[in-house]
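What follows is one structure encoded as structure tokens, with my remarks underneath.
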DNA sequence: ATACAACCTAAACCTAAGTTGAGGTCAAGG
DNA sequence: CCTTGACCTCAACTTAGGTTTAGGTTGTAT
């Protein structure tokens, strides 16, 4: 099954211009085009997009994602680099979660304090 | 105990210019100054900074934080608004954590796939 | 035929969150 | 004295991550 840019945007809750911007930044080197020039996302492209968004949503800058994408296109030689990058990202995300949980606790304490103040 | 901007920067792992920028954005209306004009952070300021950073680190934009700070300076009339804002933020952070955990899982699956590919 | 919807490009524009640089004040130490 | 370090202001600059605009093509429905 193939998808247009508009469909992909809806599926992933992105804007069309965002997808075009990512393409221009080199994040979709695997994208095909129709004869008239429209971008075509196939199932593989959607699969790949998923991991790209995953990296983006955990705070990886676009140029680093591009590095990963470029490595992915070069073949098996770069498997070690890609693995290393994902492991680094895993560590980063684990820290993110811990930090965010700490901040959650602080916010909840603030809520409790505010509620106590309001009752007085 | 009082602290200079440099000390506060070190304690909280921020740059001095970041702290000055926040002050210019109106995030520190409670800040005192020495006669020569240097910013003085007292214990209360540090306490307040902690909650400000907590909001900032969970993705709240500076102008929203300023709203919260402004409310905090006005007295008890704004307790309900502040409470509501913190509750909204709590919800946002809970979602953040869930989303990040999902992304973590995907990254870990990617790691597993890459490791399988490398063994072949 | 024509109008509309969905796609395209290239370039300009925008916003948030800072950083940098020039020029200045003050206190302490050698 | 004078230099060094830590602070100050104000304005200009930067960067990332987009959005917007203007102008153009194509396919389908009226």
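Protein chains in written order, with this note's numbering: chain Y, 1 to 120; chain G, 121 to 240. Virtual Cβ for every residue (Gly too), placed ideally from N, Cα, C.
Comparing alpha-carbon positions, the option among 133(G), 213(G), 232(G), 168(G) lying closest to residue 189(G) turns out to be 168(G).
Residue 8(Y) is not bridged by DSSP to any residue. In the three-state DSSP reduction, residue 28(Y) falls in the coil class, being neither helix nor strand. Residue environment analysis places residue 73(Y) among the exposed positions, since fewer than 16 neighbouring C-beta atoms fall within 10 angstroms of its C-beta.
An exposed status is given to residue 141(G), since fewer than 16 other beta-carbon atoms sit within 10 Å of its beta-carbon.
Residues of the stretch 81-107 of chain Y with a C-beta less than 8 Å from any C-beta of chain G: 82, 83, 86, 87, 89, 90, 93, 94, 96, 97, 99, 100, 101, 103, 104, 106, 107, listed in chain order. Judged by beta-carbon spacing, residue 111(Y) lies beyond the 9 Å limit of residue 230(G), meaning their Cβ atoms are not closer than that value.
Following the DSSP letters along the chain, one finds residue 57(Y) inside the alpha helix (DSSP H) bounded by residues 43-57. Proximity of chain G to residue 118(Y) at the Cβ level (cut-off 9 Å) is accounted for by 196, 199, 200, 203, in chain order.
For residue 182(G), no Cβ of chain Y is located within less than 9 Å of the residue's own Cβ. In the pairwise beta carbon analysis, the stretch 75-85 of chain Y is classified as not touching the stretch 100-107 of chain Y: fewer than three pairs are separated by under 8 Å.
Taking a Cβ-Cβ threshold of 8 Å, none of the residues of chain Y is close to residue 163(G); the smallest such distance is about 16 Å.
Partner residues in a beta bridge of residue 142(G), as assigned by DSSP, do not exist. Residues of chain G whose Cβ lies closer than 7 Å to the Cβ of residue 110(Y) are, in chain order, 171, 206.
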